[in-house]
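J.:
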Amino acid sequence: MKRSAAASSALLLGLTLALSACSGSNGSDGSNEGSAAASGGASASAAPGGPVEELTVAFPSTSTPKDMQMVEDAINRIAEQKIQARVKLNPISAGEWVQQTNLMFTSNEKLDLMFVSGALYNNMVAKDQLVPLDELLDRYGDGIKTAIGEDYLQAAKVNNKIYAVPTVRDMASSYGVSMRKDLVDKYGIDIGAIKSLDDLGNVLKTVKDGEGFAPLIPSSPGQTYLENYLFYDKLGDGIGVLPNYDNGLKVTNLYEMPEYKELLTRLRDWYQKGYILKDSATSKSTPWELIRSNKGFAYFAGMKPGFAAQESQAAGTAMVAAELLPPVAMTGTVTGAMWGVPVNTKLEDKAVQFLNLMYSDKDVVNLLDWGIEGTHYVKTAGQDNVIEYPAGVDSTTSGYNMPLGWMFGNQFLSYVMKGNDPDIWKTTDEFNKAASRSKALGFGFDPTPVKTEYAAVSNVITQYEMPLETGSVDPEKVLPEFISKLKAAGIDKIIAEKQKQLDEWAKANSAS
Amino acid sequence: MTTTTLARRSKRRSLRRFLPLYLMLVPGLAYLAVNNYLPLFGLAIAFKDINYRKGIWNSDWIGFRNFEYLFKTSDAWLITRNTLLYNAAFIVLGLALAVAIAILLSEIRNRFASRLYQSIILLPFLISIILVSYLVYAMLSMDTGFLNKSVLPVLGLDPIDWYSEPKYWPFILTAVHLWKGAGYSCIVFLAAIVGIDPEYYEAAKLDGASKWMQIRKITMPMITPVVIMLTLLGIGRIFYSDFGLFYQVPMNSGALFETTNVIDTYVFRGLMQLGDIGMSSAAGFYQSLVGFVLVLVSNYVVRTINKENALF
Numbered sequence: 031m032k033r034s035a036a037a038s039s040a041l042l043l044g045l046t047l048a049l050s051a052c053s054g055s056n057g058s059d060g061s062n063e064g065s066a067a068a069s070g071g072a073s074a075s076a077a078p079g080g081p082v083e084e085l086t087v088a089f090p091s092t093s094t095p096k097d098m099q100m101v102e103d104a105i106n107r108i109a110e111q112k113i114q115a116r117v118k119l120n121p122i123s124a125g126e127w128v129q130q131t132n133l134m135f136t137s138n139e140k141l142d143l144m145f146v147s148g149a150l151y152n153n154m155v156a157k158d159q160l161v162p163l164d165e166l167l168d169r170y171g172d173g174i175k176t177a178i179g180e181d182y183l184q185a186a187k188v189n190n191k192i193y194a195v196p197t198v199r200d201m202a203s204s205y206g207v208s209m210r211k212d213l214v215d216k217y218g219i220d221i222g223a224i225k226s227l228d229d230l231g232n233v234l235k236t237v238k239d240g241e242g243f244a245p246l247i248p249s250s251p252g253q254t255y256l257e258n259y260l261f262y263d264k265l266g267d268g269i270g271v272l273p274n275y276d277n278g279l280k281v282t283n284l285y286e287m288p289e290y291k292e293l294l295t296r297l298r299d300w301y302q303k304g305y306i307l308k309d310s311a312t313s314k315s316t317p318w319e320l321i322r323s324n325k326g327f328a329y330f331a332g333m334k335p336g337f338a339a340q341e342s343q344a345a346g347t348a349m350v351a352a353e354l355l356p357p358v359a360m361t362g363t364v365t366g367a368m369w370g371v372p373v374n375t376k377l378e379d380k381a382v383q384f385l386n387l388m389y390s391d392k393d394v395v396n397l398l399d400w401g402i403e404g405t406h407y408v409k410t411a412g413q414d415n416v417i418e419y420p421a422g423v424d425s426t427t428s429g430y431n432m433p434l435g436w437m438f439g440n441q442f443l444s445y446v447m448k449g450n451d452p453d454i455w456k457t458t459d460e461f462n463k464a465a466s467r468s469k470a471l472g473f474g475f476d477p478t479p480v481k482t483e484y485a486a487v488s489n490v491i492t493q494y495e496m497p498l499e500t501g502s503v504d505p506e507k508v509l510p511e512f513i514s515k516l517k518a519a520g521i522d523k524i525i526a527e528k529q530k531q532l533d534e535w536a537k538a539n540s541a542s
Numbered sequence: 003m004t005t006t007t008l009a010r011r012s013k014r015r016s017l018r019r020f021l022p023l024y025l026m027l028v029p030g031l032a033y034l035a036v037n038n039y040l041p042l043f044g045l046a047i048a049f050k051d052i053n054y055r056k057g058i059w060n061s062d063w064i065g066f067r068n069f070e071y072l073f074k075t076s077d078a079w080l081i082t083r084n085t086l087l088y089n090a091a092f093i094v095l096g097l098a099l100a101v102a103i104a105i106l107l108s109e110i111r112n113r114f115a116s117r118l119y120q121s122i123i124l125l126p127f128l129i130s131i132i133l134v135s136y137l138v139y140a141m142l143s144m145d146t147g148f149l150n151k152s153v154l155p156v157l158g159l160d161p162i163d164w165y166s167e168p169k170y171w172p173f174i175l176t177a178v179h180l181w182k183g184a185g186y187s188c189i190v191f192l193a194a195i196v197g198i199d200p201e202y203y204e205a206a207k208l209d210g211a212s213k214w215m216q217i218r219k220i221t222m223p224m225i226t227p228v229v230i231m232l233t234l235l236g237i238g239r240i241f242y243s244d245f246g247l248f249y250q251v252p253m254n255s256g257a258l259f260e261t262t263n264v265i266d267t268y269v270f271r272g273l274m275q276l277g278d279i280g281m282s283s284a285a286g287f288y289q290s291l292v293g294f295v296l297v298l299v300s301n302y303v304v305r306t307i308n309k310e311n312a313l314f
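Residue numbers (the numbering used here), protein chains in the order written: chain A, 31 to 542; chain B, 3 to 314.
So this is what it looks like as structure tokens:
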């Protein structure tokens, strides 16, 4: 009796359709009645003494910390004083995020501010789920604008309007491999000398010969080896890409590129030599699990400043990193995490005002990131930017463990947990400024005009990408089959549409 | 005059007498109305270009555009074939196995043993399909699987990369489905068999009928209506597929799509990025429509053969 999520969503929708009438009237309870009066004049609501509104803020999270209410109250004390607003934080389990927020939209539930992931951004704009923010940012968003910086804010534009603002964090990504330090030391590997895949191949051979197990493992279950080796701009989804992040803005079919075939051949060779985990295509283990059980040595990764420290923490053993492709900023790396105002809201002014606090108010940011000082963290003596857990508390016993700094607005205002580089945000800021920019930075693709082909092509890609990009099958035989099936499914039509949208985008952008 | 008042009175009396029964019907009807009839309005979504600002009713009508992706692909034939063949196999083998188990269970005289076996056979049905997929993985995994590590070497065979060989999967999936579902579906048959009047068997025994004869001549004919009913219901769902079975158990392995891709998994994979509710509703609509037609047709066939066994 089980059905696919897709099919049963039809049923769910029917239900929510019936319920939407109820929730619609629920939405206009006491606190909202006031908003109708207040939103008439934005300046009036900003004036001190105006009615205090409650904003519902939704974001994906892995858990709801038990001291959430405490932190929320502390944030509200600041927010009430500064912008006459209270917030209701609504963490939603990350696995249910898409479905839950979709239901919130269809049932018009009260929602004033929400996390927006880059993967869904264009789709949400196309479905008219987000409020355009340009004017609101001019009025209330000075803190946001200065924190993000003009050119990265531009990257969030769709049809020349900003519908969501990126969080301030690492805006670019370099690509390379993350490796176990103990084995690197054991075999005297010079990580500075790993510059290309040939070099990497030699390292893998050394480790394979010495240790016996397959050294190269997937970056995460369900990811292929090429997903973290982007020598091209994916332009959103990888169906039609921009090689070398430029290519004169000519959209190209990745799967037909000679470079792609070369990579597949190399992976196949590694697979046959035993450098690659045989179960790659179906493995459900994280790289850290494999490394802890001594079944892996290295994995590809998108990297940023402080990456090796972060990975060492996750793996539970020291890791080092080698960069293969230099840092580059693409639409995907910038728009990965954003905040937007859903159309459900009646309080868009207050929502943007609160968002502004998340980008400019150090207290609000640190409450969201780390909780309450003295309870959930204490400042390390002698350093005003570094914090540690209070005596007797660690990340597992803390009442507020929400390590989502990259998500809550401006991470550069966040304290640094002891053990990490205290200058990490300065380094990251420099990294962002120094990174090269894709020529299509800011372009986002809207697949709605080619939905039919898109569904078919998505299926073909899931069928072939994984076995090919893990070396599990012979590219000589399977790649031509893959390409011809893509053609049959209509990939050329999607690429043509993407080219059209890209040309329009380029024209609009050079004009402005 | 007197007769009509009498009739009216008896009508009223019968209403009063059955009132509790009608009341008992209410929750079920309400459930059916809310869960099965209200959502029918949602069918409109399949024909609309959903826009959240406009709302469902004000979104534009786009005719059959949402349906196109189901037929426009080169895989359309493949997923239809897989869905139909798997379900046909599941219906036939599932019924045969369930009936066989039910008969065997009903022959066990020791009540405790009978209950115990029934529970054991039912157990797989209660296991989440995610766990089942890992149980299968534990059997078939390339590096650590039981078959590749312990069974095949003993038989002197080379290890098989199960997750990239489509040809084994029709058997694997059917076996998993039967193992998981047989215990549950045999409950209905068991109930039907228990409900057969023991006098038939006593009479047959007096006439010297063997156990086999009793099963063939008494049990089977008596449960035929139930078998037909369940078959018809199964046919009504022949265009749906058990998503967990076809998505989780093969570990979403692309190399196996030839024999594991069915309509539901195709729709899921195709729309995962688009998240288009219009297109997913279209798939649901298409599936229920085909199921509806198939139920009507097969019921008609049953009725022409034996009127009493038809559903309606």
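From the three backbone atoms N, C-alpha and C, an ideal C-beta is built for every residue, glycine too. Since this is a predicted model, take the numbers as computed values, not measurements.
For the beta strand (DSSP E) containing A:T86, list its first residue and its last residue.
T.: As a first step, residue 86 of chain A is located in the first sequence; it is residue number 56 there, counting from the start. Element bounds for A:T86: 83 to 91.
J.: Going along chain B, which residues have a C-beta under 9 angstroms from A:A519?
T.: Here residue 519 of chain A is taken as the residue at index 489 of the first sequence, counted from 1. The answer, in chain order, is K74, T75, S76, D77.
J.: Kindly indicate which three-state DSSP category A:P372 falls into: helix, strand or coil?
T.: To locate residue 372 of chain A, count along the first sequence from 1; it is residue 342. Three-state result, A:P372: strand.
J.: Within this structure, are the beta carbons of A:L294 and A:I247 separated by less than 8 angstroms?
T.: Position 264 of the first sequence, counted from the first residue, corresponds to residue 294 of chain A. Position 217 of the first sequence, counted from the first residue, corresponds to residue 247 of chain A. It is not a contact, given that the beta carbons lie outside the stated cut-off.
J.: By Cβ distance below 7 angstroms, which residues in the same chain neighbour A:T254 in space, the five residues on each side in sequence not counted?
T.: Position 224 of the first sequence, counted from the first residue, corresponds to residue 254 of chain A. Taken in chain order, the residues that qualify are E495, M496, E499, T500.
J.: Kindly identify the DSSP beta-bridge partner or partners of A:L246.
T.: The residue you call residue 246 of chain A lines up with position 216 of the first sequence. A:I306, A:A328.
J.: Just mark B:P318 as buried or exposed, buried being the case when its beta carbon has 16 or more other beta carbons within 10 Å.
T.: Beyond the ends of chain B as shown, which are 3 and 314, falls residue 318 of chain B; an answer cannot be given.
J.: Within 10 Å of its beta-carbon, does A:G125 have 16 or more other beta-carbons around it, so buried, or fewer, so exposed?
T.: Walking along the first sequence from the start, residue 125 of chain A turns up at place 95. A:G125 comes out exposed.
J.: Write down the C-beta distance between A:I192 and A:M209 rounded to the nearest angstrom, noting that I regard them as a contact closer than 8 angstroms.
T.: Here residue 192 of chain A refers to the residue found at position 162 of the first sequence. Here residue 209 of chain A refers to the residue found at position 179 of the first sequence. Not a contact, Cβ separation roughly 40 angstroms.
J.: Report all residues from its chain with a CB closer than 8 angstroms to the CB of A:A351; omit the five preceding and five following residues, and keep chain order.
T.: Taking the first residue of the first sequence as position 1, residue 351 of chain A is located at position 321. Only G206, V207, S208, M209, I221, A331, M333, F337, A338, E341 meet the Cβ criterion.
J.: Name the DSSP bridge partner or partners of A:Y419?
T.: What you label residue 419 of chain A is simply residue 389 of the first sequence in a count that begins at 1. None; A:Y419 has no bridge partner.
J.: List, in order along the chain, the chain B residues whose C-beta lies closer than 9 angstroms to that of A:M201?
T.: Position 171 of the first sequence holds residue 201 of chain A. The premise fails here: A:M201 is roughly 23 angstroms from chain B at the closest Cβ pair, so nothing lies under 9 angstroms.
J.: Measure the beta-carbon distance from A:V281 to A:I525 and round it to whole angstroms, keeping in mind my assumption that it falls under 8 angstroms.
T.: Here residue 281 of chain A refers to the residue found at position 251 of the first sequence. Here residue 525 of chain A refers to the residue found at position 495 of the first sequence. About 5 angstroms; that satisfies the 8 angstroms criterion.
J.: Assuming the contact rule is C-beta atoms closer than 8 angstroms, B:W171 and B:P223 should be a hit. Round their C-beta distance to whole Å, please.
T.: By one-based count along the second sequence, residue 171 of chain B stands at place 169. By one-based count along the second sequence, residue 223 of chain B stands at place 221. About 37 angstroms; that fails the 8 angstroms criterion.
J.: Tell me the DSSP secondary structure of A:E353 in three-state form.
T.: Locating residue 353 of chain A in the first sequence gives position 323, where the first residue counts as 1. Strand at A:E353.
J.: Residues of the segment 467 to 493 of chain A in Cβ contact with chain B at a cutoff of 9 angstroms, in chain order, please.
T.: Flagged, chain order: P477, T478, K481, T482, E483, Y484, A485, A486, V487, S488, N489, V490, I491, T492, Q493.
J.: Do the CB positions of B:N263 and B:N84 come within less than 8 angstroms of each other?
T.: By one-based count along the second sequence, residue 263 of chain B stands at place 261. By one-based count along the second sequence, residue 84 of chain B stands at place 82. Contact flag set, yes.
J.: So if I threshold CB-CB distances at 7 angstroms, which residues from the segment 292 to 322 of chain A count as touching chain B?
T.: Result list: K308, D309, A311, T312.
J.: Under 8 angstroms between the Cβ atoms of B:V297 and B:I230?
T.: The count along the second sequence starts at 1 and reaches residue 297 of chain B at position 295. The count along the second sequence starts at 1 and reaches residue 230 of chain B at position 228. Result no, Cβ atoms of B:V297 and B:I230 do not sit closer than 8 angstroms.
J.: Is there at least one non-hydrogen atom of the ligand ATP closer than 7 angstroms to the beta-carbon of A:D379?
T.: Of the ligands one can find in the structure shown there are none, so the ligand ATP has no counterpart to examine.
J.: Compare the beta carbon distance of A:D263 and A:L272 with 8 angstroms and say whether it is the shorter of the two.
T.: Looking up residue 263 of chain A in the first sequence gives position 233. Looking up residue 272 of chain A in the first sequence gives position 242. Their beta carbons are under 8 angstroms apart, which means A:D263 touches A:L272 by this criterion.
J.: Closest Cβ-Cβ distance between A:K515 and chain B: below 8 angstroms?
T.: As a position in the first sequence, residue 515 of chain A is number 485, starting the count at 1. Yes - at least one Cβ of chain B is within 8 angstroms of the one on A:K515.
J.: How would you label B:F173, buried or exposed, when you count the other beta carbons within 10 angstroms and need 16 or more for buried?
T.: The sequence position of residue 173 of chain B within the second sequence is 171, counting from 1. Per the 10 Å Cβ criterion, exposed.
J.: Indicate the three-state DSSP secondary structure (helix, strand or coil) for B:G65 in the structure shown.
T.: The sequence position of residue 65 of chain B within the second sequence is 63, counting from 1. Here B:G65 sits in coil by DSSP.
J.: Thinking C-alpha only, which one of A:G404, A:V487, A:S313 is nearest B:S135?
T.: Stepping through the second sequence from its first residue, residue 135 of chain B is reached at position 133. Minimum Cα distance to B:S135 is reached at A:S313.
J.: So for A:F145, helix, strand or coil by DSSP?
T.: As a working mapping, residue 145 of chain A is identified with position 115 in the first sequence. Residue state, collapsed to three classes: strand.
J.: Are the CB atoms of A:A465 and A:V373 nearer to each other than 8 angstroms?
T.: In the first sequence, the residue the question calls residue 465 of chain A occupies position 435. In the first sequence, the residue the question calls residue 373 of chain A occupies position 343. No, these two residues do not count as a Cβ contact at 8 angstroms.
J.: Check the Cβ of B:A35 against every Cβ in chain A and list those closer than 8 angstroms, keeping chain order.
T.: Your numbering for residue 35 of chain B matches position 33 in the second sequence. Simply none; closest approach about 10 angstroms.
J.: Roughly how many whole angstroms lie between the Cα atoms of B:G30 and B:L21?
T.: By one-based count along the second sequence, residue 30 of chain B stands at place 28. By one-based count along the second sequence, residue 21 of chain B stands at place 19. Near 15 angstroms, if we compare the C-alpha coordinates of B:L21 and B:G30.
J.: Does the CB of A:E84 have a neighbour CB from chain B at under 8 angstroms?
T.: Along the first sequence, one-based indexing puts residue 84 of chain A at 54. No - not a single Cβ of chain B is within 8 angstroms of the one on A:E84.
J.: Is A:A526 helix, strand or coil by DSSP?
T.: For the purposes of this step, residue 526 of chain A is identified with residue 496 of the first sequence, where counting begins at 1. Helix, per DSSP.
J.: Between B:G277 and chain A, is there a C-beta pair that is closer than 8 angstroms?
T.: Here the question's residue 277 of chain B lines up with position 275 in the second sequence. Interface residue, yes.
J.: In the structure shown, what three-state DSSP assignment does A:V281 receive?
T.: Along the first sequence, one-based indexing puts residue 281 of chain A at 251. In this structure, A:V281 counts as coil in the three-state DSSP scheme.
J.: Leaving out five residues before and five after A:E289 in sequence, what residues of the same chain have Cβ atoms less than 8 angstroms from its Cβ?
T.: For the purposes of this step, residue 289 of chain A is taken as the residue at position 259 of the first sequence. The residues are F261, P273.
J.: Could you check which residue in A:P356, A:T363, A:N324, A:E353 has the C-alpha nearest to that of A:G346?
T.: Position 316 of the first sequence, counted from the start, is the residue given in the question as residue 346 of chain A. It is A:N324 whose Cα lies nearest to the Cα of A:G346.
J.: Which residue or residues does DSSP assign as beta-bridge partners of A:M545?
T.: Not covered by the structure: residue 545 of chain A. The range shown for chain A is 31 to 542.
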